[in-house]
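In the numbering used here, the protein residues as written are 111 to 370.
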């Protein structure tokens, strides 16, 4: 079965920052959505997030069809799988975006220290791939249950996974914003990917940490109203984050799965 996406996004500066370093992109034709949260100060984070979103879009739009065709040839020869090709497209797009951010820093030394987190969603047929670097997150609302699809690449989350901190301790820890992976950070970047079989009616949420530092998962689930429409729900999520203090830029993208 084949599906399409209907998507909406909203980005807000919040109540404490002077400018917005988040960026998002939606490409319904290629069934792609991306959220990036830049860092680096002096507007450099804004540069990094914009480069990342544009680069990922360009790579997916140029290579998804060719990669799928090539993988079908490999599959006919008994090598590889379509699912592997699908995951590889988005992961490779993020790795290329990482190189684009590094290239911009090499060309302009004043941009040194900039970087960006990123989370992306790409649909092909009845399968989606979610890929991410950093602490921007992806969630799925499936049969009215909210599921976190990503694991934050942060120091505190590593401590939670190792059993040294609880989830609640991590939420208020002074090092909670220390990122362990980002585009533009190291010479190489590791992209985490996850394949998911989609169903009609599923809703995917991509967001920057400006949402998740203000709201816990229960708050997010409460703000998602499947009957209110995507635009209204985006506004509700942003307003909820700002009502809790709006300490960071907040960006949300909602992706609804529909039969094509």
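Backbone N, C-alpha and C fix where the C-beta goes; we use that ideal spot for every residue, glycine too.
Local conformation of residue i per DSSP, three classes
i           : result
residue 252 : strand
residue 131 : coil
residue 155 : helix
residue 323 : coil
residue 123 : coil
residue 137 : strand
residue 336 : coil
residue 310 : coil
residue 184 : Low local confidence applies: a pLDDT of 45 at residue 184 is under 50, so the model's placement there is unreliable, with the coordinate-based value given in what follows. If DSSP states are grouped into helix, strand and coil, residue 184 belongs with the helices.
Residue span of the beta strand (DSSP E) that contains residue i, given as start and end
i           : result
residue 304 : 302-307
residue 313 : 313-317
residue 143 : 142-149
Which residues DSSP lists as bridging residue i, in chain order
i           : result
residue 369 : 113
residue 364 : 118 and 315
Terminal residues of the alpha helix (DSSP H) in which residue i lies
i           : result
residue 355 : First-last for residue 355: undefined, no H or E at that position.
Proximal residues to residue i (C-beta, below 7 Å), its chain only, five neighbours per side dropped
i           : result
residue 243 : 204, 227, 228, 263, 291, 292, 293, 299 and 301
residue 371 : No answer is possible for residue 371: the residues shown for the chain start at 111 and end at 370.
residue 354 : 324 and 325
residue 162 : 146, 207, 211, 226, 228 and 293
residue 129 : 123, 153 and 156
residue 329 : 350
Close beta carbons around residue i, own chain, < 8 Å, minus the five adjacent residues each side
i           : result
residue 111 : 235, 236 and 369
Residue-chain proximity (residue i, chain B), Cβ-Cβ < 8 Å
i           : result
residue 126 : This model lacks chain B altogether; it includes just one protein chain.
Neighbourhood of residue i by C-beta, 6 Å cutoff - its chain only, sequence neighbours within 5 removed
i           : result
residue 346 : 333
residue 279 : none
residue 135 : 144, 163 and 167
residue 361 : 121, 132, 134, 145 and 318
residue 314 : 231, 250 and 365
residue 269 : 275
Heavy atom of the ligand SAM within 7 Å of residue i beta-carbon
i           : result
residue 166 : No copy of the ligand SAM occurs in the structure displayed, which carries no ligand at all.
- Query: Going along the chain, which unbroken runs of the alpha helix (DSSP H) with 4 or more residues stay wholly within the stretch 217-299?
  - Reply: As far as the stretch 217-299 is concerned, its whole alpha helix (DSSP H) runs of at least 4 residues are 265-272 and 277-282.
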